[in-house]
Structures are given as C-alpha cells and as structure tokens.
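Q: Take a look at the following structure, please.
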Amino acid sequence: MVCDLECFGVRLLLFAALVLASLPARAADLTLVCLSVGQAVSACSDSASRFSQETGHNVRVVTADATGRYALERYRALFDVQSTRIDVLQFPDTWVPALGPDLATLPTPPDGEALPSVLKAGEDAGRLVGLPQHMAVTLLFLRGDVVAEDLQAWSDLRQSLLGAPADGANGLAFGGAGPTLFPLFLDWLFSFGATDLTDHDALLEALNLMNGAIGSITPASMVSTSSQEAIADFTGGGAAALVARSTALTSVRSSPLADNFEAVLRPQASSAAPRAPLLVTTWYTGVSRHSRNSEAAAQLAQFLTSEAEQRSAALQYGIAPTWPALYDDPDIQALGPVFRRIGQNLDHMVPPPILRYGTNYLDLSDEVAAAVRDMLTGKTTPETTAQVIGGAVRRASRQVD
C-alpha cells in the first residue's frame, strides 16, 4: 500500500503520541511546610519521603513553629504577594479563617473518612481548603499509684490527688504559660456541658472550680509553666497527674514513667451529667492557590492525609488520626486503652468555635487566656473574669457580624 503525504502525517502523529504516552510524567518540585509540633513534624517528613519514592516528585520539607503567630504572619506575607514558594502546607484549625482565601479548593472525602464536624472546620466560605490529618484531645495522665477506680468527674481526680502518697509529687501539672492554656481552658469549660464561651452559667462554674484548684491540688507555679515544662515535671516525678493535649502521649510513653501511668480522656464536671462534649483540635493540610504545580500539590496533600499515612503516624509517633475507622484497627488499639477511648467518644467531639468568630478567634483566645491567668494569679475574681471574657466575646461577635 502506498501512503501519500496525508497518510504519512497521520502515522507520524500517532507515533509521536505513542512515544509521549510511554514517557514518565514530569517530576514536579514541591515545597511542603510541616508544623513543628512534637512528633508531628517527623511524621510529616516521613510521609513526604514516601510520597517522593512512590511518585518521583521532589519534595522539599521546611518546618514552621505553630506555637505563635510568626509562621502565620509569614504565610500571609507570602500569600499577599502571590508567592509560589509554598505548594503544600500544614496548619492548625485556628488558622483556617486567615489562610482560607489563598488556599485551593480540595475534593471532599467520601462519607466516613472524616468526622463531619472536623471536615466542616476545614472549610472557608463553603470551600474545603484543608484535609484533616491529625487531631488532638485533652488527656489526663496519672501515676499508677493515684489512679481512681472509676475516674469520671473532676471531683474523683481531686479525691485521688488529695489521697496520694506524700512522696514529693506536687499534685496536678498543666501548662499555664503560652498558647496551650486556651485550649485546655476551653475543654475544661466543655466539661461543664458548654460548647462555646457564651454559656455564662457554665463559664462561671468552670472558673470557680479552676480557681479553687490553685493551692489545693495544683501549685500556683503552674500558671507560669509551659506545656513542655509541665510534661517534664510529671515524667520526672514532680507531679502526680498531668492535664495535657494528646500530643504529649509520646513524651510520656518514652519517659521513666512508661510502665507506671494511665492516660484517660479528661473527666466531666459531674459524673451524673450526660456525656459532655470533648474539644478536638485538628491539623489540616492544604494547597496554595499560587502553586505552579497544583495537580502534584493536591496529590501530595491527599497522600499526607490518607488512611495509610495516618495509620503510620499513629503507630510510629502516637498521633491521633482523623479517620474514624482507624480506631477499630487492632494494631492501633494495641497502642493503649486511650486510643480505644478516643474511638468510643468520636461522636462527642466538638471543634473550637472558630467558624463563629472567624479571623477574630485568635485575638479572642489571647484575651481569654490572659483573663484566666489574671484570675489564677489572684489579680481578679472568677466573677470579674467571667465579665471580662463575656465582653471579649461580645466584641469578637460584633466584629464578625
């Protein structure tokens, strides 16, 4: 058969298409920002390495400190000039309102892959901009010799601590300094049945009980103690109990107390009340709208938050996953009873009221934490503190409206 010029051209195009199809996809160069929080940064870096091995894409990992606002301000400065230096980033739930407009819309995971409330907290203006990757809840860590038989309420903890051996351990430790105080206080308030700072009766009751703990079951020095110092105090034998977020679990498990402690979900205000809501805070992974490799960046975000990677982070670093099904995994349950307890209480977990206050939430949290510290150091009364918090809440609400 004689092929004319047109026929030859068609064959040439087909040949070129086959050659292009056989070539490997171009490797993208991606920059991933991992939050430098406990073991989460190691889990993030490990996941990035596995993604590179599986896809051939190059991932440069940089870290950001999430304890202050420097990293958030740095993100905002880059986004304001539409910088392409960041492709994928981790961020806490509190940063969603500030970062949302500059984050790409991500596909919604199928039902059952994330708690609906946690997924909702990753939205900005109705768009999903953050895929949930890890979560944290408040845990109560107790030395083996002070564990109550059935510790359900704060009064049970008080009795256990007051009856503990006088061996130098100084009651209850907690991080009262820095940004960790606000989530601890908010979850303390949740234990009284509230789900926001607007419940005045629950707020006043919570403030009174917290204020009464100073000098009785916890020393006044805890108000100026950082979360890391509080963990060290507990693991070093200086405290009989510790209230901390679940990110502290790995530090306690790797300490000399590893074989002599119990970790439980934080108690309720009253054992007779219905199950009070539990505060859940979440780390999300998102994609910059200004990324030059948006498709590969979205692949990386989905990989980091996948079931397999969250399972790996839980098994290696003790980080609580956001996939509900993982709490039924025998290997994860074998990490300790606390994971089983988290899994049994997923329906009671409530995110912070960030959606209510938007970009004002961070300033509100600072004002509330400062008011609580003033109370705990004796500068104000619980009644005055409740009024100060109420005023801060009203201002934040008016600015949103």
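Numbering (mature numbering (1 follows the signal peptide of the UniProt record, and there is no 0)), first residue to last: -27 to -1, 1 to 374.
Beta carbons: idealized from backbone N, C-alpha and C, even for Gly.
#1: With H, G and I counted as helix, E and B as strand and the rest as coil, what does DSSP make of alanine 126?
#2: Can you give me the C-alpha to C-alpha distance between asparagine 143 and glutamate 202, rounded to a whole angstrom?
#3: Can you check the segment 299 to 367 for any alpha helix (DSSP H) of at least 4 residues that lies completely inside it and give the ranges in chain order?
#4: Just tell me which of Pro326, Leu124, Pro247, Ser224 has its CA closest to the CA of alanine 205.
#5: Give me the Cβ distance between valine 69 and glycine 95, rounded to the nearest whole Å; I'm assuming they're in contact under 8 Å.
#6: Can you tell me whether arginine 33 is helix, strand or coil according to DSSP?
#7: Identify the continuous alpha helix (DSSP H) that holds phenylalanine 165 and give its terminal residues.
#8: Taking the runs of the beta strand (DSSP E) that are 3 residues or longer, which of them lie wholly in the segment 225 to 307?
#9: Per DSSP, what kind of secondary structure is leucine 154 in: helix, strand or coil?
#10: Give the secondary structure of aspartate 97 by DSSP, where H, G and I count as helix, E and B as strand, and everything else as coil.
#11: Please state whether the Cβ-Cβ distance between valine 196 and arginine 367 is less than 8 Å.
#12: Determine which residues share a DSSP beta bridge with alanine 206 and list them.
#13: For the alpha helix (DSSP H) containing arginine 42, name the first residue and the last one.
#14: Just checking, does the segment 22 to 30 make contact with the segment 226 to 237 on the three C-beta pairs under 8 Å criterion?
#15: Beta-carbon within less than 8 Å of arginine 218's beta-carbon, same chain only, minus the 5 sequence neighbours each way: which residues are those?
#16: Under the assumption that cysteine 17 contacts leucine 288 (Cβ atoms under 8 Å), give the Cβ distance between them as a whole number of angstroms.
#17: Could you tell me the alpha carbon to alpha carbon distance between alanine 249 and asparagine 184, rounded to whole angstroms?
A: Per the coordinate set shown:
#1: strand
#2: 14 Å
#3: 303 to 306, 310 to 317, 327 to 330, 334 to 349
#4: When only C-alpha atoms are compared, the closest one is Ser224.
#5: Valine 69 to glycine 95, Cβ: 6 Å. Contact.
#6: strand
#7: Where phenylalanine 165 is concerned, there is no enclosing alpha helix (DSSP H), given that its DSSP letter is neither H nor E.
#8: 234 to 238, 254 to 260, all fully within the segment 225 to 307.
#9: helix
#10: strand
#11: no
#12: Going by the sequence as given, residue 206 is aspartate instead of alanine. Note: aspartate 206 sits in no beta bridge, so no partner.
#13: It is not in any alpha helix (DSSP H) - arginine 42 carries neither H nor E in the DSSP assignment.
#14: no
#15: Ala109, Val110, Thr111, Leu112, Thr153, Pro156, Leu157, Ser200, Thr254
#16: No, cysteine 17 and leucine 288 are not in contact; Cβ-Cβ is about 15 Å, not under 8 Å.
#17: Straight across, the Cα-Cα distance linking alanine 249 with asparagine 184 is about 21 Å.
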